[in-house]
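The next block holds one structure in the form of structure tokens; read it before the comments.
In the working numbering, the protein residues as written are 153 to 312.
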């Protein structure tokens with residue numbers, strides 16, 4: 153500090169707006185912006201990868217369902233039981249339809265699902281629920297009644 157004049161005292165300057173604290177805040181904000189821009193660049197490939205993995209899982213589950221269905225069908229074809237005659241088969245189907253209709257009506261009334269146009273909250277899409285319930289109950293009960301009939305029938309035909 154030999155170049156300063158000895159007679160002049162050193163003066164303190166007030167901190168400038170862009171001083172050390174200002175420059176640290178600027179550096180932090182610019183670093184945050186760079187991090188956000190880098191994150192935006194990397195988020196697209198990550199989203200694509202996650203989407204592809206989710207699609208692969210869904211397709212694998214669909215393929216597994218198809219494989220299980222074909223395996224059951226092949227096994228059922230090998231171990232086919234005696235055929236049910238036409239008369240009892242029609243009676244069992246009719247009974248299954250009647251049971252499905254009664255159970256569906258009970259479910260609709262118990263849940264308060266609006267299926268009539270005068271009911272508040274009615275939507276035509278509610279009938280999809282009703283028809284789906286009818287179909288599931290009919291096919292399930294038809295299969296159950298047929299199995300019960302086949303289990304009961306050989307016992308009735310056995311020699312006494």
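Glycine residues also receive a C-beta, built at the ideal position from the N, C-alpha and C atoms. As the structure is a prediction and not an experimental result, all values here were calculated from the model.
The alpha carbon of residue 289 has as its nearest neighbour, out of 276, 255 and 225, the alpha carbon of 255. When secondary structure is reduced to three states using DSSP, residue 275 falls in the coil class, being assigned neither helix nor strand. Annotation for residue 245: 294 place their beta carbon closer than 7 Å to its own, counting only its chain and skipping 5 residues before and after.
In the three-state reduction of the DSSP assignment, residue 236 falls in the coil class, being assigned neither a helical nor a strand state. The three-state secondary structure of residue 293, taken from DSSP, is helix. In the three-state scheme derived from DSSP, where H, G and I count as helix and E and B as strand, residue 258 is classed as helix.
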